[in-house]
Structure formats: C-alpha cells, structure tokens
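A.B. asks: Numbering (this note's numbering), first residue to last: -1 to 283.
Glycine residues also receive a C-beta, built at the ideal position from the N, C-alpha and C atoms.
Just so it is clear, the structure is predicted and the values come from calculations on it, not from any experiment.
1. Where does residue 251 fall in DSSP's three states?
2. Return the residue from the list 92, 158, 186 and 171 that minimises the CA-CA distance to residue 111.
3. Buried or exposed: where does residue 120 fall if 16 or more other Cβ atoms within 10 Å of its Cβ makes it buried?
4. May I have the straight-line CA-CA distance separating residue 243 from residue 71, to the nearest angstrom?
5. Could you check the C-alpha separation between residue 37 and residue 31 for me, to the nearest Å?
6. With 16 as the cutoff for other CB atoms within 10 Å, does residue 100 come out buried or exposed?
7. Beta carbon of residue 256, beta carbon of residue 8: below 7 Å?
8. Assess, as a yes-or-no matter, whether the segment 113 to 129 is touched by the segment 77 to 93 under the definition of 3 or more beta carbon pairs within less than 8 Å.
9. Determine, for residue 29, whether the minimum Cβ-Cβ distance to residues of chain D falls below 7 Å.
10. Which runs of the alpha helix (DSSP H) fall wholly inside the segment 115 to 185 and span at least 4 residues, in chain order?
11. Taking the alpha helix (DSSP H) that residue 38 falls in, what are its first and last residues?
12. Is it buried or exposed for residue 282, if we count other Cβ within 10 angstroms and need 16 for buried?
13. Do residue 251 and residue 12 have their C-beta atoms closer together than 7 Å?
14. Please state the DSSP three-state secondary structure of residue 109.
15. Quick one: using the 10 Å Cβ neighbour count with 16 as the cut-off for buried, is residue 43 buried or exposed?
16. Using a threshold of 7 Å, state whether the C-beta atoms of residue 174 and residue 123 are closer than that.
17. Let's test the definition: count the other Cβ atoms within 10 Å of the Cβ of residue 46 and tell me whether it reaches 16, buried, or not, exposed.
18. Going by beta carbon distance, what residues of the same chain come within less than 7 Å of residue 109, once the five residues before and after it are set aside?
19. DSSP state of residue 101, grouped into three classes?
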C-alpha cells in the first residue's frame, strides 16, 4: 500500500509539472463555473418570475414528495442535463489540452475549445445518459430510509468510480455513453487503484488547504465587531484561497486522468512522466 501511495505522489508531482508548462489550462474550470452560473441563471430567472419555484415549494410543503410534481421532475432533469453538459464540455477541452502537452506539443485554450466543439454530439449523449442515471439515483435516495439510504449512497459512490475515465474515453475514442462507461471501468481495473489513490490524495490536499484556514476563521469571528473592515477582507481572502486551491486540484485531476488514459490506450509514456512510474501504475503489485 505504501508503494502504491508513493507512486500516486509521484504521479501528482508529474501532473504539477505539466500544469506549470501550460498554466492556461486553469482557465477551463473557471470557464466551466462561469458558464454553469450563466445557464442556471437562465433557468431559474424565468422559473422565479413565473412562480414555478413557488409552486414547487407549495407542492413540497403539502405532499413532502417533490417527485409528485411533473414540472419539478422536468426542471430537475433539465438542471442535471445542463450541468453535466457544461462541465463535460470544458473537461473535454481541458483533457484535450493536457493530451496535446503530453504529446510534446504546445496547446492553446482555443485548441481545447475547438476539440470540445467537435465532440458536441458525444457530449450531448453523455450528458443525457449521466443526467438520467443521476436522477434515478437521486430518486432512489429520496425514497429510501435507514439501510436503504446507505445502499443508495454506495450506489452513487460506485457510479462516481465507474465513470472516472468516461470523459477521456469520449475525448480519445469519441464513443457513446455506454461504451465510455465500459472503457472507464476497464481503465479502473488496469490502474489497480492508482487513479483513485492519487485522486484521493489530491482531494485530501485540498481539504488540508481548507482546514489550514480554520485559525483565521476563529480570528475573524473574534475580531468581527472590533474591526469589521479587516474581517471582511480576511473573509474575502479565505474564499479566494479555497476557490484557488479547488481550481488547481480539479485541473491536476484532469491531467492525471489524461496521463493514465494515454498510457493505457496508446501504450505510450506521456511527456514529463517517468516511464518506471507509469509501468508500475499498471502492474499487479
């Protein structure tokens, strides 16, 4: 296990070196958040203006079951679909840029956006498929209690693991959603947990960066009334720090997916990655 952890750390370091060569890849998560915010605004503004949200609230208050309202189900599915579509589009662009860099070339943001635009049919199909699965899992969870809810949570976790390499499959092979899931599951088996360990390590790194701000939060709360201006500045800096670390971790995770997929699919060691580490990542040790 320690050997696997060390390999995961080495993979994370290689991903960092790739990011330092193309810092513009950080723009893709930013564009994704901005686009997602715009899409949600376009959906919720009319829903609020025409009283649809108020109807949902009344339905939930009366029946306790939002799924009893067909309009609510339709709106939720639309939100799931648009969310998956926007996030997948920009992830595809980011993965494309990472793969171009790991082929020894110098990508641009427009290279990634053009590649994602060419994959719009696959992205649309994937968003439709993933939104359907997400709605089903959410419905099961909402109707379950006790052990049933735990089981529903495990199903959701298993789904997240199963589709870890789904978007790289869309980018590299241009396959449909079902085959993308099959390819992703096969990749998870091939990496023998390296991808998950490295991804968990990046998540822990982000959480550590967030928890390091806890002393500042206590300081902020303590001196809020004495110096509200300074406290507001500190609060703003904390938000920026949390967002910045999350931005870096999500980009590193995408680079990691691209590197492992390149090695498994093409049998080629990505540029800036150690061949020994990559071979061991796919061994049975």
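C.D. replies: Let me spell this out:
1. Assignment of residue 251 by DSSP, reduced to helix, strand and coil, places it in the helix class.
2. Nearest of 92, 158, 186 and 171 to residue 111, Cα basis: 92.
3. Buried: at least 16 other Cβ atoms inside 10 Å.
4. Computed Cα separation, rounded: 34 Å.
5. Residue 37 and residue 31: Cα-Cα distance of roughly 10 Å.
6. Of the residues assessed, residue 100 falls on the buried side of the cut-off, its CB having 16 or more other CB atoms within 10 angstroms.
7. Taking 7 Å as the cut-off, the Cβ atoms of residue 256 and residue 8 do not count as close.
8. Yes, the segment 77 to 93 is in contact with the segment 113 to 129.
9. Given the protein chain composition of this structure (a single chain), no chain D is represented.
10. For the segment 115 to 185, whole alpha helix (DSSP H) runs of length 4 or above, ordered along the chain, are 118 to 141, 145 to 160 and 164 to 171.
11. For residue 38, the enclosing alpha helix (DSSP H) covers residues 25 to 47.
12. Any reading at residue 282 must be qualified, since the residue scores a pLDDT of 49, below 50, and its modelled position is unreliable; the value itself is stated next. Exposed: under 16 other Cβ atoms inside 10 Å.
13. No, they are not a contact pair.
14. Helix.
15. Under this definition residue 43 is an exposed residue.
16. Closer than 7 Å, so yes.
17. Classified as exposed, residue 46 has fewer than 16 neighbouring CB atoms from the shown chains inside 10 Å of its CB.
18. Around residue 109: 94, 95 and 98.
19. Coil at residue 101, not helix or strand.
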